[in-house]
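Structure record follows, encoded as structure tokens.
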Ligand code: GLA
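Numbering (the numbering used here), first residue to last: 3 to 333.
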């Protein structure tokens, strides 16, 4: 009797000890990070946030997914994260010039910050130092777009003099400028006439922003038989392609090549009839989401500061190979 009681007391004691140890452990491990994106409805960003969440589940930390479509929304997202006890966040900002406002708020709360896709700039327009960044290698990926367009023009036997180029631009965003400049460079190198390139400045980096920018270009330039279309991402190229359809151009007279390789492109490639959307340079949004989340987690838990700048590369995806490339990039 006596013995059993003693044993029970001991057993109970160790259960309590274990339980309290468990709580202490849980508190230490209870890391929460935010993942804020400028366009939460775009499939690139949906995938990026989902990939970060999955990595968090694997490694044992929480990811709070938030949208920040303008400065106000981003600042309230940061307040919200602070009230939830988050230790930092990964962000693709809606405007890269918001960098110092965002960093001030984060520093007030002692949060660590990593940018993904779009890098903060200083008031003089230079990339902001001291905030680790992971993004596409814009120039190289842009060049791949230009090469893909030039090759397809050749395959279709087009005379470059009869081709107009719709360049959908976003001058405020350095990665966008790098991408469209890279594409222009390769196109010119292939012998494309510079005078046949027309700019369509977009207000927002999405399909509707590109559609409104593209439409007037087609109506003003009606002397070209064929058109090529490029932009910072595939959503924007799709806006250009939709505008070309509305203008009455046939799919075989249009070559649009985008960047991203996300749901928007998969939907286009899955249509029964090909459209003017020829291809896209796919980059792994899965890798962008996982890598930045992991970097931030290690920074928080191991005090290991991430690499200052990580550049990612891309693979051309067309109707012919999109399923393979999708698989390869884990999309
Ligand atoms: C920018 C674009 C997105 C996507 C990312 C990838 O943020 O707006 O569509 O291309 O870059 O880095």
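Using N, Cα and C, we set each Cβ at its ideal position, and we do this for glycine too.
Distance between residue j and residue i (C-alpha atoms, nearest Å)
{"i": "residue 231", "j": "residue 175", "result": "19 Å"}
{"i": "residue 190", "j": "residue 88", "result": "48 Å"}
{"i": "residue 254", "j": "residue 280", "result": "10 Å"}
{"i": "residue 205", "j": "residue 58", "result": "34 Å"}
{"i": "residue 320", "j": "residue 286", "result": "16 Å"}
{"i": "residue 81", "j": "residue 93", "result": "14 Å"}
{"i": "residue 70", "j": "residue 84", "result": "15 Å"}
{"i": "residue 145", "j": "residue 41", "result": "25 Å"}
{"i": "residue 314", "j": "residue 119", "result": "10 Å"}
{"i": "residue 65", "j": "residue 116", "result": "14 Å"}
{"i": "residue 188", "j": "residue 277", "result": "23 Å"}
{"i": "residue 296", "j": "residue 134", "result": "13 Å"}
{"i": "residue 214", "j": "residue 241", "result": "8 Å"}
{"i": "residue 55", "j": "residue 233", "result": "29 Å"}
{"i": "residue 179", "j": "residue 224", "result": "26 Å"}
{"i": "residue 155", "j": "residue 68", "result": "41 Å"}
{"i": "residue 27", "j": "residue 63", "result": "Low local confidence applies: a pLDDT of 45 at residue 27 is under 50, so the model's placement there is unreliable, and no value is given."}
{"i": "residue 126", "j": "residue 50", "result": "30 Å"}
{"i": "residue 226", "j": "residue 256", "result": "11 Å"}
{"i": "residue 293", "j": "residue 228", "result": "41 Å"}
{"i": "residue 289", "j": "residue 316", "result": "12 Å"}
{"i": "residue 91", "j": "residue 112", "result": "11 Å"}
{"i": "residue 172", "j": "residue 238", "result": "10 Å"}
{"i": "residue 36", "j": "residue 60", "result": "16 Å"}
{"i": "residue 131", "j": "residue 177", "result": "16 Å"}
{"i": "residue 185", "j": "residue 330", "result": "24 Å"}
{"i": "residue 129", "j": "residue 194", "result": "32 Å"}
{"i": "residue 182", "j": "residue 38", "result": "25 Å"}
Near the ligand GLA: residue i beta-carbon under 7 Å from a heavy atom
{"i": "residue 331", "result": "no"}
{"i": "residue 138", "result": "yes"}
{"i": "residue 234", "result": "yes"}
{"i": "residue 93", "result": "no"}
{"i": "residue 204", "result": "no"}
{"i": "residue 198", "result": "no"}
{"i": "residue 52", "result": "no"}
{"i": "residue 104", "result": "no"}
{"i": "residue 262", "result": "yes"}
{"i": "residue 2", "result": "What the structure shows of the chain is the stretch from 3 to 333, and residue 2 is not part of that stretch, so it cannot be assessed."}
{"i": "residue 46", "result": "yes"}
{"i": "residue 119", "result": "yes"}
{"i": "residue 173", "result": "no"}
{"i": "residue 313", "result": "no"}
{"i": "residue 277", "result": "no"}
{"i": "residue 180", "result": "no"}
{"i": "residue 177", "result": "yes"}
{"i": "residue 237", "result": "yes"}
N-terminal and C-terminal residue of the beta strand (DSSP E) that residue i is part of
{"i": "residue 314", "result": "311-314"}
{"i": "residue 138", "result": "135-138"}
{"i": "residue 118", "result": "114-118"}
{"i": "residue 171", "result": "165-171"}
First and last residue of the uninterrupted alpha helix (DSSP H) at residue i
{"i": "residue 288", "result": "287-304"}
{"i": "residue 320", "result": "Per DSSP, residue 320 belongs to no alpha helix (DSSP H); it is in the beta strand (DSSP E), 317-320."}
{"i": "residue 179", "result": "176-191"}
{"i": "residue 160", "result": "Where residue 160 is concerned, there is no enclosing alpha helix (DSSP H), given that its DSSP letter is neither H nor E."}
{"i": "residue 307", "result": "Careful: residue 307 lies outside any alpha helix (DSSP H) and carries neither H nor E."}
{"i": "residue 327", "result": "324-330"}
Could you pull out every unbroken beta strand (DSSP E) segment of at least 3 residues lying fully inside the region 197-284, listed in chain order?
-> 199-203, 228-232, 256-262 and 279-284
Go through the region 38-111 residue by residue and report every complete run of the alpha helix (DSSP H) that reaches 4 residues or more, in order.
-> 45-61, 73-85 and 101-110
Decide yes or no for the touch test of the region 134-144 against the region 102-111: beta carbon pairs closer than 8 Å, at least 3 of them.
-> no
How about the region 45-65 and the region 262-271: do they share at least three Cβ pairs that are nearer than 8 Å?
-> yes
Take every Cβ of the region 95-104, pair it with every Cβ of the region 59-77, and state whether three or more of those distances are shorter than 8 Å.
-> yes
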